[in-house]
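Under this note's numbering, the first residue of the sequence shown carries the number 5, and numbering increases by one thereafter. Just so you know, even glycine gets a beta-carbon here, dropped at the ideal spot from N, CA and C.
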Amino acid sequence: MNMKAKRINRLSPSILAADFNILGEQIAKVAEAGAEFLHFDVMDGVFVPSISFGMPVLKSIRSKTDLFLDVHLMVTEPIRYIKEFADSGADLITVHYEACKDVKATLKAIHDAGKKAGLSIKPATPVSVIEEFLGDVDLVLIMSVEPGFGGQKFLPDALSRISETRALFEKTGKSPLLEVDGGITLQNVAEVLAAGADTIVAGSAVFRGDIIKQVKDFEKILKKRA
Ligand code: DX5
Ligand code: ZN
């Protein structure tokens, strides 16, 4: 992609904040409101303290939606599960730098499974660690909260980390998507975009309250800032 090309921004609503009793209905609303991605947070109780959901839930969602399924694995040694998540319908699989013994092999396993590959770093991990992997990823995910729970407050340090990541893309001539996850709201999303993000994860700010209205309100800001 030409670096001067107009950036396209997108929202990836995180179902971690959904009402699982009516998950299908809520996903349909997100799609109806114009979202194209859906963010799927997998937690293993080891890499992060909590446990969320896994392959059977993903498979069930895949059977009913055309949304781009953006799977965020907060899992130790995720290479063990790449094939299963790919077969369950993920379009993109993001793994954590901190969770992999061999990051390159893990990213390769994702591509070998025919899926797009993402690499994420936690708030305390230096942005510079991603440089050597920029040729191997389709997306970089900068965490703006400590991974593990929805509904946390955005860490303001994330803004300079996003700019640093964008500068690294420019320096190396690489242009994966730049996703940011955690504590993003309608009030702070403009700053996150201005810092250089193009893919915005939002859980509570989409699923708590009027889902259709909130997705549309996000989309308006995302388009304006493109
Ligand atoms: C946190 C998860 C996030 C979470 C974001 O570990 O990776 O995707 O769902 O939720 P909010 O938008 O509520 O911070
Ligand atoms: Zn996530």
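Beta carbon of residue i: closer than 6 Å to some heavy atom of the ligand ZN?
i, result
"His76", "yes"
"Asp95", "no"
"Asp161", "no"
"Asp48", "no"
"Asp45", "yes"
Could you spell out the range, first to last residue, of the alpha helix (DSSP H) harbouring residue i?
i, result
"Lys63", "59 to 66"
"Ser148", "Element bounds for Ser148: n/a, residue is neither H nor E."
"Val205", "Per DSSP, Val205 belongs to no alpha helix (DSSP H); it is in the beta strand (DSSP E), 203 to 206."
"Ala128", "Per DSSP, Ala128 belongs to no alpha helix (DSSP H) and is neither H nor E."
"Asp221", "215 to 228"
"Gly28", "27 to 36"
"Thr189", "Per DSSP, Thr189 belongs to no alpha helix (DSSP H) and is neither H nor E."
Taking the DSSP output, what are the residues bridged to residue i?
i, result
"Ala121", "Ile97"
"Phe3", "Here the chain has residues from 5 to 230 only, and residue 3 is not among them."
"Ala194", "For Ala194, which the question treats as bridged, DSSP gives no partner whatsoever."
"Ile55", "Asp48"
"Leu143", "Gly122, Leu181"
"Leu77", "Val46"
Could you tell me which of the options sits nearest to residue i, measuring between CA atoms?
i, options, result
"Ala162", "Lys33, Ile188, Ser92", "Ile188"
"Ala201", "Gly213, Arg165, Gln191, Lys175", "Arg165"
"Asp142", "Gln218, Asp95, Asp48", "Asp95"
"Val149", "Lys126, Arg170, Ile134, Ser167", "Lys126"
"Ile114", "Asp91, Thr129, Ile134", "Asp91"
"Cys104", "Ser124, Lys119, Lys120, Phe89", "Ser124"
"Val79", "Ser64, Gly93, Phe44, Asp70", "Phe44"
"Gly154", "Ile19, Pro180, Lys112", "Ile19"
"Ser167", "Pro151, Gly38, Gly139, Val144", "Val144"
"Met147", "Leu159, Asp140, Gly139", "Leu159"
"Pro151", "Gly38, Ala128, Leu172, Lys120", "Ala128"
"Leu77", "Asp48, Glu36, Asn192, Lys228", "Asp48"
"Pro130", "Leu111, Leu172, Gln156, Ala21", "Leu172"
"Ser81", "Thr69, Arg66, Lys68, Val46", "This sequence places Glu at residue 81; Ser is not what is there. Measuring from the Cα of Glu81, the nearest candidate turns out to be Val46."
"Val52", "Lys33, Glu40, Val99, Gly28", "Val99"
"Ile31", "Lys228, Glu102, Leu197, Ile215", "Ile215"
"Ala199", "Glu183, Arg212, Gly213", "Glu183"
Quick check: does the Cβ of residue i come within less than 6 Å of any heavy atom belonging to the ligand DX5?
i, result
"Ala39", "no"
"Val205", "yes"
"Pro130", "no"
"Gly186", "yes"
"Ala21", "yes"
"Ser16", "no"
"Gly118", "no"
"Ser208", "yes"
"Gly28", "no"
"Pro53", "no"
My understanding is that residue i touches residue j, with C-beta atoms under 8 Å, so please give their C-beta distance in whole angstroms.
i, j, result
"Thr203", "Ser16", "6 Å"
"Ala117", "Ile86", "6 Å"
"Phe137", "Val107", "6 Å"
"Ala230", "Asn25", "The pair is not a contact, with the Cβ atoms about 35 Å apart (cut-off 8 Å)."
"Asp140", "Ala121", "7 Å"
"Val219", "Val210", "6 Å"
"Ser208", "Ala21", "5 Å"
"Leu27", "Asp74", "With a Cβ gap of about 16 Å, Leu27 and Asp74 do not count as contacting."
Residue i lies in the beta strand (DSSP E); which residues open and close that run?
i, result
"Val184", "181 to 185"
"Arg239", "Nothing can be reported for residue 239: it is not among the residues displayed for the chain, which extend from 5 to 230."
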